[in-house]
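Take a look at the structure below.
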Amino acid sequence: MAEEALKSREEYVAPVLRGRPGRMPPEDSAEITRKVTALAVAIGLFFAISKFFIYQETHSIGVLSSLVHSALDVFASISTFVAVRYAVQKPGASYKFGHGKAESFAAVLQVCLIVVAAAHLMTEALAHLDNPEPVERTGLAIGALIVFIFVSVGLLMAQGWAIRATGSIAVRGDRAHYLADMLANMFVIAGILFASYTPLKRADTVVGILMGLWLLFTALRISRIAWAQLMDQELPEEERDLIIKLAMQDKAVRAVHDLRTRASGPHIHIQMRLDLDAELSLSQAHDVILEAEQRMMQVYKAADILIHPHPTGCHETHGNIRFRGDD
């Protein structure tokens, strides 16, 4: 019966999807995130310096709001630049689960910077609401902002590709900054046009307030993603289902219980209990578990996997019941 149980089930070919937790080897993920974060820092500096001089020439609150946003982008990009390099370091004696959560902490820092920038921006805008200043040299401001929009599109495409390939939460947060920056530039152009060529002289100031609210909304989105990783939220249900399917591709595996999963930057951690035929020897059970791990590793290149063998029919519990799964 034991030999019969060791016969493989019909082979299951798992879809290899990029942009999901743990799907890409850490070295490949690091190479991609290093390049795209370096590009983001360079472009962020270009935006911030350029907008500073444009604001000096135009005195546009809309341009000031965009400048604040770009300065925020620089700090966020630098934190991401550092975090993605630290996150892929190999586990050490003191950090045996690795350093992947550095990406989540970078995202938390980004959220704090966004909230501060939004508060400053709305304060400035409200101060100019009763006494709006005329926008000077509108042609210069609008022309420069159009250039910034096209540069932003190129960066967003590069970041989108990196996210689809690696699923990096830090790059995802950084991309949210630059997407908001591009939209901010569009709103600023609209505000300048309204303030300069229509009776709506406060349109430029109103745009600044709206962008502050947009920044707060962006902070909320990023904080939800960071919270999920820092609090060890389970992987999405479709990922858990795939892990179970991979584990069950051997007739010796009767059931999967107590599946626990979590993401940590570019890595994921998987724990489970496999019910095996009670007649299997220790060596045979080891082979079954090893093959199950190998099947999972083919899909999850950056996974840390721990499997506990359990004889079918045994109802004794293991470990602290507080941490047992519902299954």
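Residue numbers (this note's numbering): 753 to 1079.
For every residue, glycine included, the Cβ atom is placed at its ideal position computed from N, Cα and C.
All values reported here derive from a predicted model rather than from experimental measurement.
LEU907 places its beta carbon less than 8 Å from that of ILE795. Here the segment 931-939 does not lie against the segment 838-847, with fewer than 3 beta-carbon pairs under 8 Å apart. In this structure, the CA atom of ASP1027 is about 5 Å from the CA atom of PRO1063. Secondary structure within the segment 972-1016: the beta strand (DSSP E) runs of 3 or more consecutive residues, fully enclosed, are 1005-1016 (chain order). Here DSSP, grouped into helix, strand and coil, assigns ARG1025 to strand. Distance check between PHE804 and each of ALA1054, LEU892, SER856 places LEU892 closest, using alpha-carbon atoms only.
Under DSSP, no beta-bridge partner is assigned to PRO778. Taking a C-beta distance under 8 Å as the contact criterion, LEU967 and ILE866 qualify as a contact pair.
In the same chain as PHE833, and ignoring 5 residues on each side of it, the C-beta atoms closer than 6 Å to its own belong to THR789, VAL793, in chain order. Here MET1000 is not near ASP1010, since their CB atoms are 8 Å or more apart. Under the three-state reduction of DSSP, LEU1058 is assigned to strand. Straight across, the Cα-Cα distance linking ARG1014 with HIS1021 is about 5 Å. Secondary structure at HIS1019: strand, using DSSP grouped into helix, strand and coil. The beta carbons of ALA1054 and MET776 sit about 7 Å from each other, so the pair counts as a contact at 8 Å. Looking at the backbone, the Cα of ALA823 and that of THR970 are separated by about 16 Å. PRO1063 has LEU1028 as its beta-bridge partners, per DSSP. In the three-state reduction of the DSSP assignment, LEU824 falls in the helix class.
Distance between GLN862 and GLU809, taken at the CA atoms: about 29 Å. Taking 8 Å as the upper bound for CB-CB distance, VAL940 and SER818 are in contact here, some 5 Å apart. Buried is the label assigned to PRO1018, since at least 16 other Cβ atoms lie within 10 Å of its Cβ.
According to the DSSP assignment, VAL899 belongs to the alpha helix (DSSP H) that extends over 890-918. DSSP places TYR807 within a helical segment (H, G or I) once states are collapsed to three. Leaving aside the five residues that flank VAL903 on each side, the residues in its chain whose CB is nearer than 8 Å to its CB run, in chain order, ILE795, PHE798, PHE799.
Nearest in C-alpha terms to ALA869, of all of ALA910, SER856, LEU816, HIS851, is LEU816.
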